[in-house]
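One point on numbering: in the working numbering, the residue at position 475 of the sequence shown is 464, and numbering is uninterrupted. To start, the structure under review is shown below, and the notes come after it.
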Amino acid sequence: MDFANQIILIAGLLFLVSILASVISSRIGAPLLLVFLLIGMLMGESGPGGIEFHDFPTAYLIGSLALAVILFDGGLRTKVETFRVGLRPAVTLATLGVLLTVGITGLLTALVLDLPLIVGLLIAAIVGSTDAAAVFYLLRAHGLELKQRVGATLEIESGSNDPMAIFLTIALVEFIVGEHTSLGVGLAVEFVQQMGIGAVIGLSGGLLLQLLINRIRLTPGLYPLLAVSGALLLFGAAAVLEGSGFLAVYLAGILLGNRPLQSAQNIRRFHDGLAWLAQIIMFLMLGLLVTPRELLEVAVPALVVAAILILLARPLAVVACLLPFRFPWREQLFVGWVGLRGAVPILLGLLPFLAGAEGAAMYFNIAFFVVLISLVVQGWTVAPLAHWLQLDVPPRSRVVHRLELDLPGQAEFELVGYTIEADSPAVYKMVGRLTLPENTRIVTVVRQGEPLADACDDILQVNDYVYVLTSPDRLPALDRVFVAEHGPARLEEHVFFGDFVLNGETDLDDLAGAYGLDIPDRKDSDRDLNSYLLRLFKNQAVVGDRVRLNNMEFVVREMDNGQITRVGLKIRRQAGEKR
-10 MDFANQIILI
0 AGLLFLVSIL
10 ASVISSRIGA
20 PLLLVFLLIG
30 MLMGESGPGG
40 IEFHDFPTAY
50 LIGSLALAVI
60 LFDGGLRTKV
70 ETFRVGLRPA
80 VTLATLGVLL
90 TVGITGLLTA
100 LVLDLPLIVG
110 LLIAAIVGST
120 DAAAVFYLLR
130 AHGLELKQRV
140 GATLEIESGS
150 NDPMAIFLTI
160 ALVEFIVGEH
170 TSLGVGLAVE
180 FVQQMGIGAV
190 IGLSGGLLLQ
200 LLINRIRLTP
210 GLYPLLAVSG
220 ALLLFGAAAV
230 LEGSGFLAVY
240 LAGILLGNRP
250 LQSAQNIRRF
260 HDGLAWLAQI
270 IMFLMLGLLV
280 TPRELLEVAV
290 PALVVAAILI
300 LLARPLAVVA
310 CLLPFRFPWR
320 EQLFVGWVGL
330 RGAVPILLGL
340 LPFLAGAEGA
350 AMYFNIAFFV
360 VLISLVVQGW
370 TVAPLAHWLQ
380 LDVPPRSRVV
390 HRLELDLPGQ
400 AEFELVGYTI
410 EADSPAVYKM
420 VGRLTLPENT
430 RIVTVVRQGE
440 PLADACDDIL
450 QVNDYVYVLT
460 SPDRLPALDR
470 VFVAEHGPAR
480 LEEHVFFGDF
490 VLNGETDLDD
500 LAGAYGLDIP
510 DRKDSDRDLN
520 SYLLRLFKNQ
530 AVVGDRVRLN
540 NMEFVVREMD
550 NGQITRVGLK
560 IRRQAGEKR
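As structure tokens, then:
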């Protein structure tokens, strides 16, 4: 009994320290996953904690379950509209990109370290997949919002490239231990089988899970448990049928997150916390597994692998994969650099142990070292690089409180709250005379802890709380009513988009006549600003894309269903070019 109580005490302490460490992490800009790993190492046998943990099968089981939960949550938060600009490049990166990364890294690793080619390829396969969880945590911590084309590509790639890396690692481990005699057509067929079974189970199972959630009546707190139980069932079913369970849960999450779902808000909130818990458990556990003195023994080869991977293999693979999609060079550079390694490489480093492969400790330690290097070197530079390359755009919403209203059969509405600051555009204005977006209503104003009985005739004061009923697409316009712009000067809306706003339907002839513009490369189909800009950007335009005509710069400001609805106009002294 005392031992069980001690385990509970230690587990609670670890979780508490890890959660509190997130505050320090956000202030110093360190990747939070790196903090979890370091805490795990400190609590391990070589650190002050002195905890001995070397149960690799249990670690792999827990890690796989945690990764399934994280991928399911990632799918829930992936919006279908991001597929318009991110699906094809992301899938290319998640398949061909991983193959190229593994091939280049494996070949050069074998040559430089004088290893057998199969060993170099296995090391490369283990560290071949990216983990964008750390990237997006850093971006949120710095208040950054990436251009949709870049953000969508990284988001979808991170959720879909794990199955390829897992398949390659398992295939190479089986080849090394003698279960395969070649790496030819048979493995290609096996790969197609795994991806196909995973996709079919993920999509069909996701539809059935959605129907089940919407049909049955439960206590509200049980719907999130039903969702995660269904996700784990799909993961296990796909794996038992020799498909990719990770792909299955990711696709099921995407399907649930983009279809009408009963108690959707409860499900999203629960899985957000569950995903964080899964990450904490996984990284703490992986930190406990490693022995720091053994890491030093592989420091030189690990540095070589990391340098090849970060500086050569990943950038070359990104350039090759994104070439057909004509990504601007700034975006290619960012995607090439933001290839952070996280939990999956360390988890895959356990497979040689489980298979009884010779040199298993070397594979695991190199993978762990490469992840540490990646989180330190790339993790600390993600936000500055996004600023430097000007790939961040003004945030879509700076709302303080946000609550989705789960109203069956009704349009999507949210109850959002704003704190009236001293520099708010609405301060000292009469509530009833505020210019609000269409279909938006002020529900109440709370002052000094008390809701005002009739707020329409009141003057808003500093520290008032205003609660508004609105739809998500009205949030940017609502922000302009209540929130002053903060952050880098270039991201203030009037600076970023310009002082003038044009409709996407603005006739090109009228525009050229009004401003004396010479519109190059114009086609007969270019009747308005929307069609002209869409053609220039190959129907892949996103907010923040810009093109210069003479001394004018046109910036995509708002989009709806793939169409440009509003365009910012900036006056430039010198002519430039599209970017």
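We treat Cβ as the ideally placed atom computed from N, Cα and C, and that holds for glycine.
DSSP on residue i, reduced to helix/strand/coil?
i     : result
A444  : helix
M30   : helix
I159  : helix
R73   : helix
T81   : helix
D(-9) : helix
E439  : strand
L111  : helix
D513  : coil
Residue i to residue j, Cα distance in whole Å?
i     : j    : result
G398  : Q199 : Low confidence applies here, because G398 scores a pLDDT of 49, under 50, leaving its location unreliable and the question unanswered by this model.
N492  : G210 : 45 Å
L89   : G109 : 14 Å
N255  : P213 : 7 Å
L275  : P290 : 21 Å
V116  : N452 : 50 Å
D515  : L497 : 8 Å
S35   : L285 : 13 Å
M153  : A55  : 18 Å
V472  : V416 : 10 Å
T208  : L500 : 58 Å
N540  : A466 : 28 Å
P509  : V544 : 17 Å
R330  : H43  : 22 Å
N(-6) : F4   : 15 Å
N519  : A227 : 44 Å
G63   : I448 : 43 Å
P334  : F323 : 21 Å
L558  : L312 : 30 Å
S252  : I299 : 42 Å
Would you give the residue range spanned by the alpha helix (DSSP H) that residue i belongs to?
i    : result
D120 : That residue, D120, is in no alpha helix (DSSP H); it is neither H nor E in DSSP.
E146 : Q137 to S149
M548 : Element bounds for M548: not the alpha helix (DSSP H) but the beta strand (DSSP E), M541 to D549.
T98  : V87 to L102
A67  : The amino acid at residue 67 is misidentified as Ala; the sequence shows Thr. It is not in any alpha helix (DSSP H) - T67 carries neither H nor E in the DSSP assignment.
L569 : Missing from the structure shown is residue 569; the chain here goes from -10 to 568 and no further.
I362 : A349 to V366
G609 : A query on residue 609 cannot be resolved here, the shown segment of the chain reaching from -10 to 568 and no further.
W369 : Segment: none, W369 is in no alpha helix (DSSP H) and carries neither H nor E.
Run the CB neighbour count on residue i, radius 10 Å, all protein chains shown included, and call it buried at 16 or more, exposed below.
i    : result
I269 : buried
T47  : exposed
N428 : exposed
S218 : exposed
A405 : First, the residue type needs correcting, since residue 405 is Val and not Ala in the sequence shown. So V405 counts as buried.
G246 : buried
Q437 : exposed
E547 : buried
R511 : exposed
T67  : buried
I297 : buried
G140 : buried
K527 : exposed
T424 : exposed
R138 : buried
A160 : buried
What first and last residue would you give for the beta strand (DSSP E) that runs through residue i?
i    : result
N492 : F489 to N492
R257 : Careful: R257 lies outside any beta strand (DSSP E), inside the alpha helix (DSSP H) at A253 to L278.
Y417 : Run containing Y417: none; DSSP gives neither H nor E here.
R303 : No beta strand (DSSP E) contains R303, which is instead part of the alpha helix (DSSP H) from R303 to L311.
F402 : F402 to T408
Q552 : Q552 to I560
R430 : R430 to R436
R535 : R535 to L538
V457 : Y454 to T459
So residue i and residue j are supposed to be a Cβ contact under 8 Å. How far apart are they, rounded?
i    : j    : result
E320 : L374 : Between L374 and E320 the Cβ distance is about 12 Å, and since that is not below 8 Å, they are no contact.
V532 : L522 : Actually they do not touch by this definition, with Cβ atoms about 12 Å apart.
T98  : L340 : With 8 Å as the limit, T98 and L340 do not qualify as a contact, their Cβ atoms being about 18 Å apart.
G551 : R73  : 6 Å
F25  : S53  : Actually they are not in contact, since the Cβ atoms of F25 and S53 sit about 18 Å apart, beyond 8 Å.
L250 : N203 : 7 Å
F224 : A216 : 13 Å between Cβ atoms; not a contact.
Cβ of residue i within 8 Å of any heavy atom in the ligand GTP?
i    : result
E427 : By its list of ligands, the structure shown contains no ligand whatsoever, and the ligand GTP lies outside what it can speak to.
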